[in-house]
Amino acid sequence: MYKFTPPYFQGNAFNCPHCNAYSHQKWEAIPIKQMERIYISYCECCGQCTIWYRGKMIFPDISRVPPPNDDLPEEIKEIYNEARSIVNRSPRGAAALLRLAVQKLCMYLGESGKNLNDCIANLVKKGLPDKIQKALDTVRVIGNNAVHPGQIDLNDNPELAYRLFELINLIAEWGITQPKKVEELYSKLPDSQKEAIKKRDEKNKGEDEE
């Protein structure tokens with residue numbers, strides 16, 4: 008999973024909100040009468056600009072979170088991007104959408120999706136790594152708190168909502184991207200070698216059952 012550097016005020020380089028490339032930024036300040044200066048940064052990769060006022064990016068109106076993992080199913084990508092488009096204005100709304108994305112992701116991984124807590128418990132029984140279980144439960148709990156009164160106020164701490172996007176991509180990397188890469192490489196092995204591996208595993212399985 009590639010490293011994402013969100014846009015930040017007077018940053019020398021970050022992932023451009025227009026082209027997503029990690030690129031050097033050229034800055035200029037524009038004085039305006041009776042106002043604080045407006046700052047503009049230009050992406051060396053695509054040439055488009057971001058506009059900043061009082062240290063905050065005001066154009067384009069896009070969140071400081073990474074794009075979705077390319078291997079996510081289109082339905083989940085749409086939910087992710089909808090959350091990404093509103094997180095600056097509504098961290099709670101974004102967190103609720105990401106909880107839905109996790110529910111859909113669990114269904115993609117073979118669970119029913121009816122009860123997210125049960126889905127995660129079933130995945131744990133199947134050997135879900137500890138860090139992925141924690142990522143799933145983090146999105147679940149914060150997403151629940153977004154729509155029900157709880158102890159987590161995302162309006163006071165919007166950074167929590169930003170981090171949820173990273174967790175979605177981490178889960179996708181483990182559950183979709185890595186198995187896909189392994190399968191692609193395995194498929195390139197000679198058929199005779201794959202058949203030998205199959206026979207070996209069948210033999211070992213038979214011995215374990217005895």
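8 is the number of the first residue of the sequence shown in our numbering; add one for each residue after it.
Ideal Cβ positions, reconstructed from N, Cα and C, are used throughout, including at glycine.
Keep in mind that this is a model prediction, so the values were computed, not measured.
Presumed contact (8 Å Cβ cut-off) between residue i and residue j, rounded CB distance
| i | j | result |
| --- | --- | --- |
| residue 173 | residue 73 | 7 Å |
| residue 99 | residue 162 | 7 Å |
| residue 149 | residue 90 | The Cβ separation is near 12 Å, so there is no contact. |
| residue 93 | residue 142 | Not really, about 22 Å apart at Cβ, beyond 8 Å. |
| residue 57 | residue 29 | Not quite, the Cβ-Cβ distance comes to about 14 Å (not below 8 Å), so this is no contact. |
Terminal residues of the alpha helix (DSSP H) in which residue i lies
| i | result |
| --- | --- |
| residue 121 | Premise fails: residue 121 is in no alpha helix (DSSP H) and is neither H nor E. |
| residue 33 | Segment 29-37 is the beta strand (DSSP E) holding residue 33; no alpha helix (DSSP H) there. |
| residue 92 | 81-93 |
| residue 143 | 137-154 |
| residue 175 | 166-179 |
| residue 186 | 185-193 |
For residue j and residue i, the rounded distance between their alpha carbons
| i | j | result |
| --- | --- | --- |
| residue 144 | residue 105 | 12 Å |
| residue 21 | residue 10 | 10 Å |
| residue 170 | residue 15 | 16 Å |
| residue 24 | residue 198 | 45 Å |
| residue 147 | residue 35 | 42 Å |
| residue 31 | residue 85 | 29 Å |
| residue 97 | residue 66 | 17 Å |
| residue 139 | residue 115 | 15 Å |
| residue 52 | residue 26 | 8 Å |
| residue 166 | residue 78 | 25 Å |
| residue 134 | residue 128 | 10 Å |
| residue 124 | residue 130 | 10 Å |
| residue 184 | residue 80 | 11 Å |
| residue 204 | residue 190 | 14 Å |
| residue 19 | residue 136 | 37 Å |
N- and C-terminal bounds of the beta strand (DSSP E) containing residue i
| i | result |
| --- | --- |
| residue 66 | 63-66 |
| residue 22 | 20-22 |
Reduced DSSP secondary structure (H/G/I, E/B, other) of residue i
| i | result |
| --- | --- |
| residue 56 | strand |
| residue 15 | coil |
| residue 204 | helix |
| residue 48 | strand |
| residue 114 | helix |
| residue 159 | coil |
Query - Inter-stretch contact (C-beta, 8 Å, three-pair minimum) for the region 56-67 and the region 27-47 - result: A contact is defined here as three or more CB-CB pairs under 8 Å, and the region 56-67 meets this definition with respect to the region 27-47.
Query raised in the report: Are there three or more Cβ pairs, one per stretch, closer than 8 Å when the region 205-212 is compared with the region 92-112?
Result: Touching, no.
Requested in this report: Pair every Cβ in the region 148-161 with every Cβ in the region 181-200, then say whether three or more of these pairs are closer than 8 Å.
Outcome: The region 148-161 vs the region 181-200: no contact.
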